[in-house]
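Reading through the structure tokens given below for one structure.
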């Protein structure tokens, strides 16, 4: 090697050393795990009532949600440094290609705006921006106007969820039914146990409707009975009937996310995003390795709980994405609340004793206290916002009639799980008071 | 709803049930791929094309659809499920055709585990010059009425049966 070559190698080495990313800014906990710096905090939440709004423009809905959030804290539209909006089907249902543009027109703001498909995805992006220290105050909003295309929405949903199943003749409901069949076969549930499983699923729907009856913003504020759920299944000649599935809804939700410093100045007890995680699975449901569970939910929850440094099982307020009653049951297993194949027992036992809690090792867990997607409504882009709205109020003790009381007072931590498609993408968010 | 180019692409794969197998690790995929997602770059050009259309599948899971999507309104009600090939190496969504069911009279779960054969079906007739739309991923139960016929290439035995220039 010549002298010049040695010089070149040495200089390259020094250059690389100088450009190595610095680890100085990364905060680690005692176990050496990376924790959040600039912990993002939610200072205000707002949402509209979910339902069928044939006479309303989508703009009106997002405006209503934003005004409700803005009214809660003293943050005005001019304080916003960026907006993250979510909608899943708005370009299809309302032929809107550039949602950011109409949001800009609405708020008269020219700040950066981005659109994602689900509320939790928007929140994840907003959290990253705040953690990176780029912004201090951002708006996260979600909107959906599904009834504007009510005659074709089932085709659209299926084509987006799982195209091959759509081309084979599947409906948005059929994947849930197949998943239930896969679950029953895998865990070999027969005879009396199968009856209890079916009853437990019916009780989930009844519980969600009972919770929604106390929620003024829910789509269905009426109670139903187990008999009604079972009769609907019988009428459909299927394992799952009308009362097992979430409806098609319109609605919007919004929240204001700030950095820790701004949150302290704005309100007394902000709710922090302790951990947030996302994971992805195959689009084609039949091609997935295990048909009886959502692997994405498990991965998302693992990364969120690692970030928050808490066990997901310590939480008592849980919002899961119950597009069907089966999804609620299986999600609880994926999140680690029950062992695979046993959730239905805990659900049935819990709902025998109380109206709205499941039993897990003799401690109650409260799932979908706002009525879940089943009764609260499921406007895809805004669903996650409504879930976070509920946990935010539960943790601050402001959920009125629905307020959960634990032996130690109001719950301290809660989690939200949201799906995109049929478990294709999963987002887990852990909310709570500041940990450090 | 999908467009004609999408329909054409879908029917190219779905009607014939085209699949592929990695020569390196043996993993199989529904749809045609240029490389295996496990082996990556080294499997490029080493993917065998396989045709599931002449294979016999197994109906793993089944359910009943009586309120289909707009695309299948004409079919009214049918059995829908998941069919696996090659001992579960490939799973595809499937619809059973020619299976008339009276509401509630048949226990759908009793169909699970039965063998099925892929079928080619025309969806509806259009003008003479148009492309005939077909439906993908249709199957029938492999029973006495629709037995499974093994796919064999038979070489002609007699000289006059060989292809050649005639006239």
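Residue numbers (my numbering), protein chains in the order written: chain W, 68 to 503; chain B, 54 to 220.
Just so it is clear, CB atoms sit at the ideal spot from N, CA and C, and this is done for glycine as well.
Note that the structure is predicted; figures quoted are calculated from it, not measured.
So which residues of chain W does residue i contact, with C-beta pairs closer than 7 Å?
i, result
"residue 81 (chain B)", "The contacting residues do not exist; residue 81 (chain B) stays about 10 Å from chain W at best."
Which whole-angstrom value is the C-beta distance of residue i and residue j, which I expect to be below 8 Å?
i, j, result
"residue 444 (chain W)", "residue 314 (chain W)", "6 Å"
"residue 361 (chain W)", "residue 490 (chain W)", "4 Å"
"residue 493 (chain W)", "residue 345 (chain W)", "7 Å"
"residue 222 (chain W)", "residue 122 (chain B)", "5 Å"
"residue 77 (chain B)", "residue 102 (chain B)", "With 8 Å as the limit, residue 77 (chain B) and residue 102 (chain B) do not qualify as a contact, their Cβ atoms being about 15 Å apart."
"residue 254 (chain W)", "residue 408 (chain W)", "3 Å"
"residue 451 (chain W)", "residue 209 (chain W)", "6 Å"
"residue 165 (chain B)", "residue 112 (chain B)", "6 Å"
"residue 132 (chain W)", "residue 319 (chain W)", "4 Å"
Could you tell me which of the options sits nearest to residue i, measuring between CA atoms?
i, options, result
"residue 471 (chain W)", "W:446, W:500, W:448 and W:431", "W:431"
"residue 182 (chain W)", "W:207, W:197 and W:249", "W:207"
"residue 142 (chain W)", "W:310, W:283, W:336 and W:332", "W:332"
"residue 359 (chain W)", "W:200, W:106, W:393 and W:218", "W:393"
"residue 200 (chain W)", "W:385, W:327, W:427 and W:337", "W:327"
"residue 206 (chain B)", "B:107, B:139 and B:123", "B:107"
"residue 382 (chain W)", "W:427, W:346 and W:409", "W:427"
"residue 192 (chain B)", "B:218, B:151 and B:140", "B:151"
"residue 442 (chain W)", "W:280, W:467 and W:238", "W:280"
"residue 465 (chain W)", "W:191, W:144, W:336 and W:130", "W:336"
"residue 352 (chain W)", "W:342, W:363, W:343 and W:323", "W:363"
"residue 194 (chain B)", "B:169, B:58 and B:123", "B:169"
"residue 453 (chain W)", "W:105, W:291 and W:113", "W:113"
"residue 347 (chain W)", "W:133, W:174, W:446 and W:487", "W:487"
"residue 163 (chain W)", "W:175, W:147 and W:124", "W:124"
"residue 228 (chain W)", "W:165, W:447 and W:122", "W:447"
"residue 380 (chain W)", "W:478, W:203 and W:160", "W:478"
"residue 480 (chain W)", "W:396, W:237, W:461 and W:136", "W:461"
"residue 70 (chain B)", "B:164, B:217, B:136 and B:124", "B:136"
"residue 276 (chain W)", "W:282, W:290, W:283 and W:451", "W:290"
"residue 184 (chain W)", "W:127, W:407 and W:152", "W:152"
"residue 235 (chain W)", "B:201, B:189, B:217 and B:171", "B:189"
"residue 495 (chain W)", "W:160, W:189 and W:155", "W:189"
"residue 287 (chain W)", "W:298, W:297, W:274 and W:294", "W:274"
Residues of chain B with CB under 7 Å from residue i, in chain order?
i, result
"residue 222 (chain W)", "54, 122, 123 and 124"
"residue 489 (chain W)", "The contacting residues do not exist; residue 489 (chain W) stays about 12 Å from chain B at best."
"residue 234 (chain W)", "63, 67, 189 and 190"
"residue 244 (chain W)", "116"
Which partner residues of residue i appear in the DSSP bridge assignment?
i, result
"residue 84 (chain B)", "Paired residues: none, contrary to the question."
"residue 302 (chain W)", "For residue 302 (chain W), which the question treats as bridged, DSSP gives no partner whatsoever."
"residue 191 (chain B)", "B:148 and B:172"
"residue 233 (chain W)", "In DSSP, residue 233 (chain W) forms no bridge with anything."
"residue 153 (chain W)", "W:183 and W:209"
"residue 71 (chain B)", "B:104"
"residue 427 (chain W)", "W:430"
"residue 114 (chain W)", "W:320"
"residue 133 (chain B)", "B:116 and B:148"
Quick one: which chain W residues come within Cβ less than 8 Å of residue i?
i, result
"residue 162 (chain B)", "248"
For a contact defined as C-beta to C-beta under 8 Å, what are the partners of residue i on chain B?
i, result
"residue 231 (chain W)", "67, 83, 145, 146 and 190"
"residue 257 (chain W)", "Under the 8 Å cutoff, chain B gives no residues; its nearest Cβ is about 11 Å from residue 257 (chain W)."
"residue 241 (chain W)", "116, 118 and 133"
"residue 457 (chain W)", "Going along chain B, no residue has its Cβ under 8 Å from residue 457 (chain W), so there is no contact; the nearest lies around 31 Å."
"residue 119 (chain W)", "Here the premise fails: no neighbours, minimum Cβ distance about 19 Å."
Could you confirm whether any beta carbon from chain D is found closer than 8 Å to the beta carbon of residue i?
i, result
"residue 238 (chain W)", "This model lacks chain D altogether; the protein chains it does include are W and B."
(message) For the segment 291-305 of chain W, list every residue whose C-beta sits within 9 Å of some C-beta in chain B, in sequence order.
(response) Interface annotation for the segment 291-305 of chain W against chain B: 301, 303, 304 and 305, criterion Cβ-Cβ distance under 9 Å.
(request) For the segment 190-204 of chain B, enumerate the residues whose C-beta is nearer than 7 Å to any C-beta of chain W, in chain order. (result) Residues are counted here when their Cβ sits less than 7 Å from a Cβ of chain W; for the segment 190-204 of chain B these are 190, given in chain order.
(request) Residues of the segment 58-77 of chain B with a CB closer than 8 Å to any CB of chain W: list them in chain order, please. (result) Sequence-ordered contacts of the segment 58-77 of chain B with chain W read 63 and 67 [C-beta pairs closer than 8 Å].
(message) So if I threshold CB-CB distances at 9 Å, which residues from the segment 109-121 of chain B count as touching chain W?
(response) 113, 114, 115, 116, 117, 118, 119, 120 and 121
(request) Taking only beta carbons into account, state which residues of the segment 132-148 of chain B come closer than 9 Å to chain W, listed in chain order. (result) Listed by position, the residues of the segment 132-148 of chain B near chain W (Cβ gap below 9 Å) are 133, 134, 135, 136, 137, 143, 144, 145, 146, 147 and 148.
(message) Short of 9 Å Cβ to Cβ, which residues in the segment 136-163 of chain W face chain B?
(response) Going along the segment 136-163 of chain W in chain order, one finds no residue with a Cβ nearer than 9 Å to chain B.
(message) Can you pull out the residues from the segment 312-333 of chain W whose beta carbon lies closer than 7 Å to at least one beta carbon of chain B?
(response) Correct list: empty, as no residue qualifies.
(request) Mind checking the segment 202-226 of chain W against chain B and listing, in chain order, the residues whose C-beta falls within less than 8 Å of any C-beta there? (result) 218, 219, 221, 222, 225 and 226
(message) Output needed in chain order: residues of the segment 338-360 of chain W with a Cβ under 9 Å from some Cβ in chain B.
(response) 351, 352, 353, 354, 355 and 358
(message) By the 8 Å beta-carbon criterion, what residues does the segment 166-197 of chain W contribute toward chain B?
(response) Here the close residues number zero.
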